[in-house]
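So the sequence shown is numbered by my numbering: it starts at 968 and just counts up by one.
C-beta: ideal position from N, C-alpha, C; glycine also.
Bear in mind that the values here come from a model prediction, so they are computed numbers and not experimental data.
One structure is given below, encoded as structure tokens.
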Amino acid sequence: MMTRNKKENQQMKLEYVMLEQLVKPDHDLRKIEKHFDFSFIYEWVAPLYSKATGRPSIDPVVLFKMSLIQALYDIKSEEKLVDAIHHNMAYRWFLGYGLTETIPDHSTISHNRVKRFEDTDIYEKIFNKIVLMAIERGFVKGKIVYTDSTHIRANASNSKYKNVVEERVITEDESLLMLINEKRESKGQKPLRPAEDKVESKNRKVSKTDPTSGYMHRDRKPVGFYHLLHGTVDSQHNILLSAHVTPGNVHDATVYIENLEDMMQALPLTPKYVGADAGYFSLDILEELSNKNLHPVIGPRKYSGKKGKKSKYWFEYDPMEDVYRCFEGHVLHYKTTTRQGYVEYRSDKSICKNCPSRNKCLYESKVDGEIADDQTRTIRRHVKEHYADDARVFIKTDKGKHLYQRRKETVERAFADMKENMGLRYAHYRGSHCVKAQVLITGAAYNVKKIARLMAELEVMVE
968 MMTRNKKENQ
978 QMKLEYVMLE
988 QLVKPDHDLR
998 KIEKHFDFSF
1008 IYEWVAPLYS
1018 KATGRPSIDP
1028 VVLFKMSLIQ
1038 ALYDIKSEEK
1048 LVDAIHHNMA
1058 YRWFLGYGLT
1068 ETIPDHSTIS
1078 HNRVKRFEDT
1088 DIYEKIFNKI
1098 VLMAIERGFV
1108 KGKIVYTDST
1118 HIRANASNSK
1128 YKNVVEERVI
1138 TEDESLLMLI
1148 NEKRESKGQK
1158 PLRPAEDKVE
1168 SKNRKVSKTD
1178 PTSGYMHRDR
1188 KPVGFYHLLH
1198 GTVDSQHNIL
1208 LSAHVTPGNV
1218 HDATVYIENL
1228 EDMMQALPLT
1238 PKYVGADAGY
1248 FSLDILEELS
1258 NKNLHPVIGP
1268 RKYSGKKGKK
1278 SKYWFEYDPM
1288 EDVYRCFEGH
1298 VLHYKTTTRQ
1308 GYVEYRSDKS
1318 ICKNCPSRNK
1328 CLYESKVDGE
1338 IADDQTRTIR
1348 RHVKEHYADD
1358 ARVFIKTDKG
1368 KHLYQRRKET
1378 VERAFADMKE
1388 NMGLRYAHYR
1398 GSHCVKAQVL
1408 ITGAAYNVKK
1418 IARLMAELEV
1428 MVE
């Protein structure tokens, strides 16, 4: 039976109500308010305010909580944030504002981000402090960590850019040259002389709207101006341990070790295993991780080789004799070591000529239009290849497979949460400092929500 509401002008009647009654008992903001004390912010921002002059400021903790709300509930702009707080009782309760109190203007938030905090590390301090809270409460073990990057669409037009020619000096790696010459001398060859520095020119697209972004052009990725978030999470509860921002044209592997060192310096953590996808499978990275006593759980890159031919991984390397053996059991002997650090092993053409598997192994070479009959197979192995061998062996073990499988369940899931539910798919602002502030606030909000929910679950279990 249909009924009609007979109450008229109910909105104009005076009611006696407390704001406390209007917020659900299980609201996430209640959990955050109960388990977090953000008063540590006062001490850090005090030097940024005048002690004697100027008007009374908005409470810095309130401003941080407003940014926290913006990230938690994917509010696109500060203007919309102020409007949402004005109408949402839970937001007012969390900030400590009454039903009729005026909410701070959105320009106050942007002024603090753009001017007051521009050349400070306040956002990093807040982020790291929240991670330390998670460590103190036992939600971070730090034994296994996973790293990846994700792109953030820059607040810039893809059609407004200028082409810039950049030059960079390429200097030869002295440590690599030392390894190369040690190999050559052990085989009776002359050492290579140090090479002169080379100048490399490269054309780069620079956005006129946000010059701090980078033009990204990768396989299976969107093309345009982007920023990159390089993040590391703990395997226990997916707590985000570090977040660094670079232009979109920076390769993940080039900043990986530096970001990992920054994380270990800022936090009392010493990981045992570090996981990442195949984009980080670099001999330089594997060497650095080995030197730091960190075990890589990194997916090896796959090289299928030419269609119909056996790849180099069908050949087995014997470190004792320093030779390769093909799948027919024949030996490939040392030939030379190149300046790039690759050791070449070559087969015997007299054996290859009559080998029954030559069609699966040898690549055709033609002389005067006819296929040559003196073909050989050359296998190239880098002087640092043993680091990759160790990583490949571990990733094939049961433990290695399990740890690598966890990668997409941890860091990729954390990125998905921040991008889909917390507005990190697009940069709200322009300039690397402002994008970095957005990333760190979003990362802090992600951790705060996760820690608060974990604390609430523990309370239920205790009861």
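Around V1378, the same chain offers Y1113, D1115, V1200 as residues with beta carbons nearer than 6 Å, after the five sequence neighbours per side are excluded.
Put simply, of Y1371, L989, K1277 the residue whose alpha carbon is nearest the alpha carbon of I1346 is K1277. CA-to-CA, the gap between N1216 and H1194 works out to about 8 Å.
Nearest neighbour of T1087 by Cα position, chosen from I1265, P1014, Y1312, T1117, turns out to be P1014.
In the three-state reduction of the DSSP assignment, I1111 falls in the strand class. One Cα belongs to T1343, the other to E1134, and the distance between them is close to 40 Å. DSSP, reduced to helix, strand and coil, places H1211 within a strand of the structure shown. Taking P1158 as the centre and dropping the five residues before and after it, the same chain places the C-beta of N1148, R1151, E1152 closer than 7 Å to its C-beta, in chain order.
H1349 places its beta carbon less than 8 Å from that of G1308. Contact check for A1419 against D995 passes: the beta carbons are separated by less than 8 Å. Secondary-structure assignment with DSSP links E1167 through a beta bridge to R1135.
Close CB contacts of I1025 within its chain, under the 8 Å cut and outside five residues either way in sequence, are with P1071, T1075 (chain order). In this structure, T1305 is the residue among T1305, L986, R1373 with its C-alpha nearest to the C-alpha of Q1156. N1130 has its alpha-carbon roughly 13 Å from the corresponding atom of S1168.
In its chain, beyond the 5 residues on either side, S1278, K1279, Y1280 have a beta carbon closer than 8 Å to the beta carbon of Y1270. Boundaries of the beta strand (DSSP E) around A1243: 1240-1243. Out of G1266, E1387, H1395, the CA that lies nearest to the CA of K1375 is found in G1266.
Distance from Y1413 to L1207 at the Cβ level is roughly 6 Å; contact confirmed, criterion being Cβ atoms closer than 8 Å.
Three or more pairs of CB atoms, one per stretch, sit closer than 8 Å, so the region 1118-1132 contacts the region 1385-1401.
Bridge pairing for M1183: G1191 [DSSP]. Between V1290 and L1261 the beta-carbon gap is near 31 Å, outside 8 Å, which marks them as no contact.
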